[in-house]
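Report on one structure; see the data block that follows.
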Ligand SMILES: [Zn+2]
């Protein structure tokens, strides 16, 4: 048994390479697969994209992508704020030492 390739739709689209008007076809290449083809007569580009229906783990993948934040380097302001906090912490420590020194 061979896999049937049925043209579902055909029309005009823009070539992804040279942006000229090109023929596109949607071909059903299997029970769960739809192939999008663009055949450009101008530059000879044969673009092909395979679409499959929404997979069961599609939303899980989407969530995983959302959870991972892009690495953001600290801004100059954030670095200065950290320096200030470090300086204040050190200063507070020195003050505590002095107070303890007076009491003793
Ligand atoms: Zn083209």
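In this note's numbering, the protein residues as written are 360 to 463. Virtual Cβ for every residue (Gly too), placed ideally from N, Cα, C.
What's the C-alpha gap between residue i and residue j?
| i | j | result |
| --- | --- | --- |
| residue 410 | residue 393 | 5 Å |
| residue 455 | residue 443 | 18 Å |
| residue 452 | residue 460 | 12 Å |
| residue 446 | residue 433 | 18 Å |
| residue 438 | residue 449 | 17 Å |
Taking only three categories from DSSP, how would you classify residue i?
| i | result |
| --- | --- |
| residue 373 | strand |
| residue 384 | strand |
| residue 449 | helix |
| residue 391 | coil |
Ligand 2 heavy atoms versus the CB of residue i: any closer than 7 Å?
| i | result |
| --- | --- |
| residue 404 | Of the ligands this structure carries, namely ligand 1, none is ligand 2. |
Pull up the CB-CB distance for residue i and residue j, whole angstroms please, since I reckon it's below 8 Å.
| i | j | result |
| --- | --- | --- |
| residue 373 | residue 381 | 7 Å |
If you measure from the CB of residue i, is any heavy atom of ligand 1 nearer than 7 Å?
| i | result |
| --- | --- |
| residue 435 | no |
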